[in-house]
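Participant: Numbering (the working numbering), first residue to last: 23 to 134.
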Ligand SMILES: [Zn+2]
């Protein structure tokens with residue numbers, strides 16, 4: 023098993039095996055990071071990495087996890103962004119008596 027030298031912010035250079043390291047690649051942007059638990063301080067270390075570093079780690083046998091951006095990012099956005107006034111109005115609506123009954127009666131919307 024190959025040895026991987028990495029660096030922990032608190033401990034400096036540490037030596038790991040390929041089994042101790044995991045690569046994460048975003049399927050949308052193809053940006054990669056790698057992570058490991060520091061053998062000295064036991065804290066999780068997560069670092070961005072250039073594609074050539076990711077390729078090296080993967081070719082050495084490091085496990086790869088692909089992940090995607092949250093589906094909400096692809097949803098169409100309609101209307102103006104929520105403002106502080108909207109948030110305040112929502113807060114007052116939630117403090118009002120029977121707000122939940124209003125939501126049920128309004129089919130999921132608060133009636134004004
Ligand atoms: Zn450490």
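By construction, the Cβ of each residue, glycine as well, lies at the ideal position given by its N, Cα and C atoms.
Using 8 Å as the Cβ pair cut-off and three pairs as the minimum, do the region 45-58 and the region 78-85 touch?
Facilitator: Yes: the two stretches touch, three or more of their Cβ pairs being nearer than 8 Å.
Participant: Under the assumption that residue 89 contacts residue 48 (Cβ atoms under 8 Å), give the Cβ distance between them as a whole number of angstroms.
Facilitator: Contact holds; Cβ gap of about 6 Å.
Participant: Who are the near neighbours of residue 73 in its chain, counting only those whose CB is closer than 8 Å to its CB and skipping five residues on each side?
Facilitator: So the qualifying residues of the chain are 52, 54.
Participant: For residue 84, is the classification buried or exposed, using 16 other Cβ atoms within 10 angstroms of its Cβ as the cut-off for buried?
Facilitator: By the 10 Å Cβ count, residue 84 comes out buried.
Participant: For chain D, check one thing: does any of its Cβ atoms lie closer than 8 Å to the Cβ of residue 49?
Facilitator: The question asks about chain D, but that chain is absent: this structure has only one protein chain.
Participant: Would residue 68 pass as a contact of residue 36 if the rule is Cβ separation under 8 Å?
Facilitator: No, these two residues do not count as a Cβ contact at 8 Å.
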